[in-house]
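S.K.: Residue numbers (our numbering), protein chains in the order written: chain E, 112 to 538; chain V, 13 to 320; chain Y, 24 to 493. Glycine is no exception: its CB is placed at the ideal position from the N, C-alpha and C atoms. Sending over a structure as structure tokens; questions will come in a sec.
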Amino acid sequence: MKATKLGVMTFSAMLVVSACGGGTPAASGGAAGAPAACNNKVGTSSTEIHVYSSLPRQGTNTEQTNTLVEQEKKILDGVKVGKWTIKYFDLDDSSAANNGDWDGTVEQANANKAVNDPDAMAYIGTYNSGAAKLAIPILNQNCLVMVTPANTYPGLTKAVNGVTKPGEPDTYYPGGYRNYSRVVGTDDAQGAAGAEWAKSLGGTKAYVLDDTQVYGQGLAKSFALAFTNGGGTILSANGTSEGFDPKASDYNALAQKIKSSGADFIYIGSITGNNTGKLWKDLRSAMPDIKIMSGDGVYEKSWYGGVGSAGNGTYLTFGAIGPDQLTGDGKTWYEQYKTDHGGTSPAVYTAYGNAAATVVLAALNKAATNDRYQVLKNVMATSGLATVTGTVTLDKNGDVTGGGITGYQVETSWPPKFVQLFQSKGL
Amino acid sequence: MDQIVQTFIIGLSNGLIFALVALGYSLVYGIIELINFAHGDVFMLGSMIALLLISGVFGVTAATSPLMIVIIVAAVILITMAVTATINVTIERLAYRPLRNAPKLAPLISAIGMSFVLQNIALLIAGPANKSIDNVLPSVNLLSYIGVNTVELSFRQVFVAVVTVPLLIGMSWFVAKTKQGKAMRATAQDPDTAGLMGVDVNRTIAFTFLIGGALAGAAGVVQILYNNVTVWNLGFRFGLNAFTSAVLGGIGNLPGAVLGALVLGQINAFSDRYVAANWTNAIVFMVLIGVLVFKPTGLLGQQLADRA
Amino acid sequence: MTAIVESERRPGGFAGWIGHIGDVLGAIPGAYRDALRTHPLRTTLLSALVILGVFYPLLNRSVLQGFSRNVFPLPIPDDTVVTFMLIFSIMAVGLNIVAGFAGLLDLGYVAFYAIGAYTAAFLASPHFGVVSIVLLANVPQGFPGIHIPFWFIVPLAMIIAGTFGALLGAPTLRLRGDYLAIVTLGFGEIVPVVFRNLADVTIKFNILFINFSAEHLNLTGGPLGINPIDPPYLPGLGITFNASAGFAPVYLAMILLALGVLFARNLERSRIGRAWMAIREDELAAEMMGVHTVRTKLLAFALGASFAGIAGSLQASYLGATTSDFFQFSTSILVLIMVILGGIGNIWGVIVGAVALQYVNLTLLPYLGQQIQSIAPSFPNPAQFNFLFFGLILVVMMRFRPEGFIPNRQRAAQLSAHVLAAAAAERGEVVGLDNTGLDIDENIELAPPGQSEVGEDARAAETSDEARDL
């Protein structure tokens, strides 16, 4: 009886209080001057500046992230900027309990760790777009700038009709200002280039598959949209991309379904680790002559090792300039990398890890101070910066302008052969 | 119509492989009432070992003669079965036997732990991505020889049947007719009384694991020759499907495990083909739940005796 | 609490009620002293825990960090990790009700976690953008979507998850032991698949003259998930409990956990708790003795699920986003491991299990990895071995302490009885063994010196007023 009375009293009190409490969410800073979140974000150390990176360092991702970390460390760790020395922290955003894939809790913990370190001036990451969605708001509320070498989901920086959700990208920036930038292109451009290429290869009726994850689905949907806009027909579910189950043990039935639909082109949006080996083999064994195209999620040696000869003939797009197509400084870097690593080519994102670190270093040098806001301003204002991937200029969304999409075809071995460079156009 | 037949054939091949693995689950559950989470990973190890033997040790290429291939495949099956059987018995000895008298959930956790260990070992050795071999068996459509071109029955699918069916029949004969099989059945029914009647319970249990492991190994070989692909987390989904088959058929019941597996293979294939691949997993479980609502002990299961 | 204050005639109405509160509060010191006298160990531990909890930020930042820097480099979990430890503790307590009290093996617990999270997502985000229902929330009027304060969402999530718990439990009623396990596993797979796939739904129907057609409906957000989700907001003090709020969410989680533990303890000691125990030990006998097994089992599922609902809604609101990727079979297994490792049946045990496991998973293993990397950079990435260590820890723990960290007294006695019997059998002796494990006194004399810890517990269980443990 007492408990009920007490409960009722508390409950009514809560109602009264919350009725008074409604109001607008925290307002951002005014049009001029620093955003409210950026007040007094100066480092305490007079000798060190910290740069954090948050990448998945376990499981299937290590092929890429090992190279990314190596590049970033080489460029940043121990380098002097003014009177400070940069210290580089390699954080892992994956967890054992999650099979070595990125884990939302860990990513948030990493973001919080960086934010709570007063000497942290930049955050390089993430590798997976889903993880970035969680980290950006935390960093945004604490004026820490983020540069990604690998996120390609468009909704993080811009709105794309038919691909991103309503409200994106503003939902990621509660502080009302931008603190996120990337050195790679976005998937809407990659999907559009893929559709243009598919059409020029004679594809008219395409069947589109995706691995039901953020990257794969975003890319596949972009392709489907662009393909339809270009006059082609999409035969998969609802006129857009259809999910396959990455954990299934057999795709023969799915392959039969595609075969009987009369498609002449298959587009697959997926990452290597989602059972692509089996998928390709089953598709090929049902349709040995059909054209298959996929994106940079599978542009990896381990993908080819998994698909074997079923991968021969596959067309691959990469959302930026491929490592073997880099010119100038990039070409020098590419050759040097091969020499340093006993002939192994860099992974497809390696150069972009290098570029991201270069952007951060340049901004730190320009800011010449350990104030987060200054570093952020300089990163977001990067213009005409020479990196191994070409000249980097960021637009107001934090996206890199220009750039291109590279088209490759797998012949009978790895790496694939370069075919064509496409202009980076939106949808 | 052709499509239905084709889907049926695909479902049958997969179902037979599930059946071999499901038997292992059912055998172990029947005898010590343990859901052996690590069993699917023993199967995965079997396929990895087979891959190693085929491409590495024996070096099969496109140029190897058919006779050599037959001999090599037979050798691979025998070797893999021996290795996985040993692995399974070792696991039992290390992780399950000391927990024979522990609270019932302790061996379950131990099994889960062993599953993680096996998966990680495979991950470290084989790397994270799919590992594949090129077709060892000819991929010709056998039905084209009799003029049927709309349905495909490949040599590999026949191979699956050729290996699995004798093993399944052999297994049921073994359990029904031999002395060791009788010992297994007795221990499954009532270990204490079986012990009193002179059955060496520990040895029988070890023997059950031996057979279960061997079957998983054979399934692994068949899997790699049929699918040409293996990966470190293959055991998870395969194991889930196989265990669900065992439950569907009536856990502890061997013919039930086989029946459940065949049914499950068909559900998988038809769902992939006629519904959508991303719903298949949910559909499999909905069917399972539906069956269990009407028949709580599975399709062929009888009420297991209440063991105090 | 009711026993502390004798019932007395008091003036009625508000004054009387205030007076009664005063009495209750005034009686606390006396009750505390009594408790200290009768159960010294337990009371001191609990008091220490309360003090630690209240002074958490001080503890974490100054004390532990200082310790870590100056004495021994122990990796200290930060606030996000601690919040998740507590969220998982809530789930562990819930699963303990299902698996520990009632003995029903639930392998699909993550389904209810997902339901709780998506409840929060549906009711506190711009997801249903076609409508705008803002009730007392910290969001401007006219903002798209449904927005209800977190404090209302928690009881709603409890009720909804609990209802689903009962619904999903219903088909399992006739199933024995491990069939139940596989069916619950099935639900654990079906629910996330449903949430993942309903992102592009087309409904068309044509009944009589109702012509309804809707295309590309995004019902559940699919793999992209639903974000942002409004964080819990306390209007009076203006605190937002999201991931950048430092230690405030830790307090929120602690309070929810404390409420959960209180609830679970009361359940354990109530008639329904004893009914669960009876069903767990021998369902047939329980039925014969008049226990309504159907209702009791359904209640176990429902109440256990409601805990996961609370945890899920807290997680979603705290993270600010949710997606079906967060809810996989591995999470169900993780919670089950926490329960068993911690000591199944024992509320504090499972909390210890949850905290320890999350610590190892999220803090210790990455830390060790980084240390190894910095000492021997050429050593292959140690993060690749995490899974292996995790598995080895499980196997070893079960080998040497299968009853968990803090076992349920009865289980410990049962276990010691079995272990002793096995040991005795190996020595060739015959031991009279009562399988029910309830005759604790008989087994005490048999405790060999090495087993004293368990024996002590068993003896203490016999002498204390309550036959139950912490």
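#1: Can you round the beta-carbon distance between Leu337/Y and Leu279/Y to whole angstroms, since I take them to be within the 8 angstroms contact cut?
#2: Counting only the same chain and skipping the five closest in sequence on each side, list residues whose C-beta sits under 8 angstroms from that of Ser214/E.
#3: Along chain E, which residues have their Cβ under 7 angstroms away from the Cβ of Ser59/V?
#4: So if I threshold CB-CB distances at 7 angstroms, which residues from the stretch 104-128 of chain Y count as touching chain E?
#5: Using a 10 Å radius around the Cβ and a threshold of 16 neighbouring Cβ atoms, would you call Ala19/Y buried or exposed?
#6: Can you tell me whether Tyr264/E is helix, strand or coil according to DSSP?
#7: In angstroms with no decimal places, state the Cα-to-Cα distance between Gly134/E and Leu158/Y.
#8: Mind checking Trp185/V: buried by the 16 CB within 10 Å criterion, or exposed?
#9: Using a C-beta cutoff of 7 angstroms, does Ser420/E count as contacting chain V?
#10: Name the residue from Ala231/V, Phe20/V, Ile66/V, Thr73/V whose alpha carbon lies nearest to the alpha carbon of Ala34/V.
#11: Would you identify the three-state DSSP class for Lys307/V, choosing helix, strand or coil?
#12: In whole angstroms, give me the CA-to-CA distance for Lys198/E and Asp188/E.
#13: Could you work out which residues of chain E lie near Gly192/Y, taking near to mean beta carbons separated by less than 7 angstroms?
#14: Below 8 angstroms on the Cβ atoms is my guess for Asn172/E versus Tyr238/E; work out the distance and round it to an integer in Å.
#15: Which residues does DSSP pair with Gly501/E in a beta bridge?
#16: In chain order, what residues of the stretch 137-148 of chain V put their CB closer than 9 angstroms to some CB of chain E?
#17: Please list, in chain order, all residues of the same chain as Gln175/E whose beta carbon is under 6 angstroms from its beta carbon, the five residues on each side excluded.
#18: Near Val303/V, which residues of its chain fall below 8 angstroms by C-beta distance, leaving aside the five closest residues on each side in sequence?
#19: For the stretch 266-288 of chain Y, enumerate the residues whose C-beta is nearer than 9 angstroms to any C-beta of chain E, in chain order.
#20: Going straight from the alpha carbon of Tyr622/E to that of Lys269/E, what length do you get?
#21: Quick check on the DSSP output: the beta strand (DSSP E) that includes Tyr234/E runs from which residue to which?
#22: For a contact meaning CB atoms closer than 9 angstroms, what does Asp223/Y contact in chain E?
#23: Give the secondary structure of Met13/V by DSSP, where H, G and I count as helix, E and B as strand, and everything else as coil.
#24: Helix, strand or coil, according to DSSP, for Ser122/V in the structure here?
#25: List, in chain order, every chain Y residue whose beta-carbon is nearer than 8 angstroms to that of Ile516/E.
#26: Closest to Leu135/V by CA distance: which of Thr242/V, Gly268/V, Arg285/V, Phe171/V is it?
#27: Note down the Cα distance separating Arg395/E from Ala254/V, rounded to an integer number of angstroms.
#28: Below 8 angstroms on C-beta distance, what does Ala292/Y contact in chain E?
#29: Quick check: the stretch 368-387 of chain E against the stretch 339-358 of chain E, are there 3 or more CB pairs under 8 angstroms?
#30: Of all the CB atoms in chain V, is at least one closer than 7 angstroms to the CB of Glu306/Y?
#31: Where Gly313/V and Ile233/Y are concerned, what is the direct C-alpha to C-alpha distance, given to the nearest angstrom?
#32: Below 7 angstroms between beta carbons: does that hold for Leu487/E and Val256/E?
#33: Note the first and the last residue of the continuous alpha helix (DSSP H) segment covering Phe529/E.
#34: What is the DSSP secondary structure of Gln169/E, reduced to helix, strand or coil?
#35: Return the residue from the list Gly430/E, Pro248/E, Ile186/E that minimises the CA-CA distance to Thr300/E.
#36: Pick out whichever of Leu87/Y, Ala144/Y, Leu130/Y, Val314/Y has its Cα sitting closest to the Cα of Gly188/Y.
M.R.: Put simply:
#1: 6 angstroms
#2: Rather than Ser, the amino acid found at residue 214/E in this sequence is Asp. Hits under 8 angstroms: Asp204, Ser205, Ser206, Ala208.
#3: Correct list: empty, because the minimum Cβ distance to chain E is about 11 angstroms.
#4: Val104, Phe107
#5: Coverage of chain Y is limited to positions 24 through 493, which leaves residue 19/Y absent and any answer about it impossible.
#6: coil
#7: Model confidence at Gly134/E stands at a pLDDT of 32, short of 50, so the residue's coordinates are unreliable and nothing is read from them.
#8: exposed
#9: yes
#10: Ala231/V
#11: coil
#12: 5 angstroms
#13: Here the premise fails: no neighbours, minimum Cβ distance about 26 angstroms.
#14: 6 angstroms
#15: Thr498/E
#16: Gly139, Pro140, Ala141, Asn142, Lys143, Ser144, Ile145, Asp146, Asn147
#17: Ala458, Tyr460
#18: Leu260, Gly310, Leu311
#19: Ala266, Ser267, Gly269
#20: There is no way to answer for residue 622/E, as the model of chain E reaches only from 112 to 538.
#21: 231-236
#22: Ala348, Asn349, Thr351
#23: coil
#24: helix
#25: Neighbours of Ile516/E on chain Y: none; closest Cβ ~23 angstroms, over 8 angstroms.
#26: Thr242/V
#27: 26 angstroms
#28: It is Arg, not Ala, that sits at residue 292/Y in the sequence shown. Simply none; closest approach about 16 angstroms.
#29: yes
#30: no
#31: 48 angstroms
#32: yes
#33: Unbroken run through Phe529/E is the beta strand (DSSP E), 528-534; no alpha helix (DSSP H).
#34: coil
#35: Note on identity: in this sequence residue 300/E is Ala, with Thr being the wrong assignment. It is Gly430/E.
#36: Leu130/Y
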